[in-house]
Amino acid sequence: MNEIKGDKTYSSARHSKYWQQLQTLAKHPWSLAQLFAQDDKRAKHFSVQAGALYMDFSKQRIDQKVLSNLLSLADSCELDARIDSLLQGAMVNTSEQRAALHTALRLPETATLQVGDQNVVADVHRSLAQVARLSERVRTGTWRGFSGKAITDVVNIGVGGSDLGPLMATAALDEWADTSIKVHFVSNMDGTQLDNLLKHLNPETTLFIISSKSFGTVDTLSNAKTALSWLLATAKLRAGTEDSVLRRHFIGISANSEKMSAWGIHPEHQLQLWEWVGGRFSLWSAIGLAIAIRIGMNGFKALLSGAHSMDEHFAQADFADNLPVLLGLLAVWNSTFFLQVNAHTVLPYDGRLGYLPSYLTQLEMESNGKSVTRNGDYIDYDTCPILWGEIGSNAQHAFYQLLHQGTQQVSCDFIACVRRYSDEAQNSSLQQQHELSLANCLAQSRVLAFGNAAVTDLVDPNTVSEADKYKYYHGNQPSTTLLIDELTPHSLGALIALYEHKVYVMASIWDINPFDQWGVEMGKQMADSVHHAMQHIQKDSQGLFDTSTDQLLQRIKQLS
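Note that my numbering numbers the sequence shown so that position 445 is 1377, with each residue one more than the last.
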């Protein structure tokens, strides 16, 4: 059976013999304790490195036979050709008839990538040059507000990929910030986030970035409208004009220049997006302006360079040594073939990566939370697991209880940075804290893998006394550990790109389109209908929606 994608045809992994073989292998009673006992070099055999990233997947429930079948499964769906299609601008987003060229956003200026009759690299670097100019004006104090004062605070208003990407990267790289300008992020449509923030800002020195690919997202535009009203309330008292406020206090980032102009964004302060950039893959574009303002353009370019290095690794490395391919195949093994592993958690043991789990939650679940193939057939196998996470040390006091002693099987990614605080005056104390964090990371992955066997010879739960069963750790939870030499813009870029490509590998095996998100549309449309009803509902009105929604609307009406 074949899959039609653009002008190319690919084989489907679902109908290969390796799929059936993996289904059979998954029924084996896999024991991590036994796998390690059988191979004293197991850790070496199941570890790979690319640049500053080192991945140990020896605590996954696989052996060489499983790995061989997973790699053959990738070959069976022509993953190498699919990767080439992604990187060369083929129409991999089949439902929307588009390329998905986030990798083009980090190509060097000397590269060429023709899509039709257009060299998209030239367009990308023209946009980056504008990002550089605008960010430098803000950072050097040349950008002035309506009263002539330099900007001190920048507020990025967006939602989804227009928020989570720059928020995550800015927080992770805050130690690299070389400016006193503070960068804030607002996404929540109910106004609470923005209201709390504005109380602490000066309208004369605050710049807003409105980030919306369509420039029609109600969450973003409602916050932008409130921000404009807040500015105008002060500007009018100081003889400012609306045009001056719009020109001096707003930057727009969108694929829709007409809507930006209609809203009032000055043409010189409009940054371009392209339809071939999905929101959750967009932090490399002008959407990353907030990152560039905070860490400087050199830092932002290093972020892009790190991502590009992972793109090259993804394109060139043999699958057996290819980090994104292996990470994606392991995810497929856990969620599709081990039918009980329906959840995955991301556990960074580094406070700087606190927003990474939320970012990856969107990246993976919005991309691969699908139940229909690219050909339009309903799927008869499990695809994307539920994904969540937290800083590891916090998670230990929250949901590790479930991981260690609950009834759910959960796969885990442990992420840690090896070097830190080497230049700090108080490095002795901070180094000890860092080492403690690393020790906890390694210890938790060990206990999840081996349970009680990690600290005692007591392996059989049937030998535990009735009085002590509540203390027993079963172990055998699968995990991968990612060690980053040091967290820098370059290594962070590589880490993010690693997970982007993991998503594509999973989607290729599952035969789904990871670049659309139709599952978000109906709820937004229904919200418009409910909002209209909320404004015009009469007392005791019935039959507008289902009885539950009608009842809830009446309750809101009574209390409003």
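We put the beta carbon where it would ideally sit given N, CA and C, even for glycine.
DSSP three-state assignment for residue i, whether helix, strand or coil
{"i": "Phe1331", "result": "coil"}
{"i": "Leu1476", "result": "coil"}
{"i": "Arg1179", "result": "helix"}
{"i": "Leu1491", "result": "helix"}
{"i": "Ala1032", "result": "coil"}
{"i": "Trp1195", "result": "helix"}
{"i": "Ala1375", "result": "helix"}
{"i": "Tyr1310", "result": "strand"}
{"i": "Phe1251", "result": "helix"}
{"i": "Glu935", "result": "Note that Glu935 has pLDDT 40, beneath the 50 cutoff, so the model's placement of it is unreliable and the number below is only indicative. Strand at Glu935."}
{"i": "Gly1080", "result": "coil"}
{"i": "Leu1319", "result": "strand"}
{"i": "Asn1408", "result": "coil"}
{"i": "Ser1361", "result": "helix"}
{"i": "Tyr950", "result": "helix"}
{"i": "Ser1217", "result": "coil"}
{"i": "Tyr1281", "result": "coil"}
{"i": "Ser1017", "result": "helix"}
{"i": "Arg1069", "result": "helix"}
{"i": "Ser963", "result": "coil"}
{"i": "Gln1486", "result": "helix"}
{"i": "Asp1400", "result": "helix"}
{"i": "Asp1151", "result": "helix"}
{"i": "Trp1075", "result": "coil"}
{"i": "Gln955", "result": "helix"}
{"i": "Asp1243", "result": "helix"}
{"i": "Glu1367", "result": "helix"}
{"i": "Ala1061", "result": "helix"}
{"i": "Val1209", "result": "coil"}
{"i": "Thr1166", "result": "helix"}
Residue i: first and last residue of the uninterrupted beta strand (DSSP E) it sits in
{"i": "Ile1089", "result": "Asp1085 to Ile1089"}
{"i": "Tyr986", "result": "Leu985 to Asp988"}
{"i": "Thr1412", "result": "Ser1411 to Glu1418"}
{"i": "Gln981", "result": "Ser979 to Ala982"}
Span of the alpha helix (DSSP H) around residue i
{"i": "Arg1515", "result": "Lying outside 933 to 1492, the shown extent of the chain, residue 1515 is not represented and no answer is given."}
{"i": "Gly1425", "result": "Pro1421 to Trp1442"}
{"i": "His1132", "result": "Element bounds for His1132: n/a, residue is neither H nor E."}
{"i": "Glu1010", "result": "Element bounds for Glu1010: n/a, residue is neither H nor E."}
{"i": "Gly1093", "result": "Gly1093 to Ala1104"}
{"i": "Val1387", "result": "Premise fails: Val1387 is in no alpha helix (DSSP H) and is neither H nor E."}
{"i": "Lys1456", "result": "Glu1453 to His1468"}
Bridge partners - residue i, DSSP secondary structure assignment
{"i": "His1116", "result": "Val1087"}
{"i": "Asn1051", "result": "Gln1046"}
{"i": "Gln1204", "result": "Ser1186"}
{"i": "Phe1140", "result": "Val1087 and Phe1182"}
{"i": "His1276", "result": "Leu1319 and Ser1343"}
{"i": "Val1304", "result": "Tyr1310"}
{"i": "Asn1025", "result": "Arg1030"}
Of the residues the options, the one placed nearest residue i, counting alpha carbons only
{"i": "Val1350", "options": "Ile1227, Glu1367 and Trp1216", "result": "Glu1367"}
{"i": "His1240", "options": "Trp1265, Leu1178 and Leu1424", "result": "Leu1424"}
{"i": "Ser1369", "options": "Arg1284, Ala1386 and Lys1403", "result": "Arg1284"}
{"i": "Ala965", "options": "Lys1456, His1406, Pro1421 and His1433", "result": "His1406"}
{"i": "Ile1015", "options": "Phe1382, Ala969, Val1257 and Thr1277", "result": "Val1257"}
{"i": "Ser944", "options": "Asn1372, Thr1305, Gly1455 and Leu1419", "result": "Thr1305"}
{"i": "His1034", "options": "Val1056, Met1438 and Thr1138", "result": "Val1056"}
{"i": "Gly1093", "options": "Cys1344, Val1209 and Gln1376", "result": "Val1209"}
{"i": "Gln1020", "options": "Leu1037, Ser1027 and Glu1028", "result": "Leu1037"}
{"i": "Asn1155", "options": "Leu1164, Ile1142, Ala1167 and Lys1456", "result": "Ile1142"}
{"i": "Leu954", "options": "Arg1071, Leu1271 and Ile1223", "result": "Leu1271"}
{"i": "Thr941", "options": "His977, Thr1026 and Gln992", "result": "Thr1026"}
{"i": "Ala1381", "options": "Val1387, Pro1410, Tyr1404 and Cys1373", "result": "Pro1410"}
Any contact between the region 1332 to 1343 and the region 1285 to 1293? By contact I mean 3 or more CB pairs, one from each, below 8 Å. Fewer than three beta-carbon pairs drawn from the region 1332 to 1343 and the region 1285 to 1293 are found closer than 8 Å, and the two stretches are therefore not classed as touching.
Touch check for the region 1453 to 1470 and the region 971 to 983: three-plus C-beta pairs under 8 Å? Judged by Cβ distances under 8 Å, the region 1453 to 1470 makes no contact with the region 971 to 983, as fewer than three pairs qualify.
Three Cβ pairs or more, each shorter than 8 Å: is that satisfied between the region 977 to 985 and the region 1040 to 1050? Contact between the region 977 to 985 and the region 1040 to 1050 is absent: fewer than three C-beta pairs spanning the two stretches fall below 8 Å.
Counting pairs of beta carbons, one from the region 1438 to 1452 and one from the region 1319 to 1327, are three or more of them closer than 8 Å? Between the region 1438 to 1452 and the region 1319 to 1327, the count of Cβ pairs shorter than 8 Å is below three; the stretches do not touch.
Take every Cβ of the region 986 to 1006, pair it with every Cβ of the region 1399 to 1418, and state whether three or more of those distances are shorter than 8 Å. With the rule of 3 Cβ pairs closer than 8 Å, the region 986 to 1006 counts as touching the region 1399 to 1418.
Should the region 1116 to 1126 be regarded as contacting the region 1081 to 1090, the criterion being three or more beta carbon pairs within less than 8 Å? By the Cβ test, the region 1116 to 1126 is in contact with the region 1081 to 1090, since at least three Cβ pairs between them sit closer than 8 Å.
Any contact between the region 1180 to 1191 and the region 1098 to 1108? By contact I mean 3 or more CB pairs, one from each, below 8 Å. Per the Cβ contact rule, the region 1180 to 1191 is not in contact with the region 1098 to 1108 (fewer than 3 Cβ pairs under 8 Å).
Three or more beta-carbon pairs under 8 Å between the region 1291 to 1308 and the region 1444 to 1458, yes or no? Contact between the region 1291 to 1308 and the region 1444 to 1458 is present: three or more C-beta pairs spanning the two stretches fall below 8 Å.
Do three or more CB pairs link the region 950 to 957 to the region 1000 to 1013 at distances below 8 Å? Yes, since at least three Cβ pairs between the region 950 to 957 and the region 1000 to 1013 fall closer than 8 Å, the two stretches touch.
Between the region 1191 to 1208 and the region 1049 to 1068, are three or more C-beta pairs nearer than 8 Å? By the Cβ criterion, the region 1191 to 1208 is in contact with the region 1049 to 1068, since at least three pairs of Cβ atoms, one from each stretch, lie closer than 8 Å.
Okay, do the region 1232 to 1242 and the region 1121 to 1136 touch, 3+ Cβ pairs below 8 Å being the bar? No, they do not touch.
Is the region 1357 to 1367 in contact with the region 1310 to 1317, if contact means three or more CB pairs nearer than 8 Å? Remark: fewer than three beta-carbon pairs, one from each stretch, lie closer than 8 Å, so the region 1357 to 1367 and the region 1310 to 1317 are not flagged as touching.
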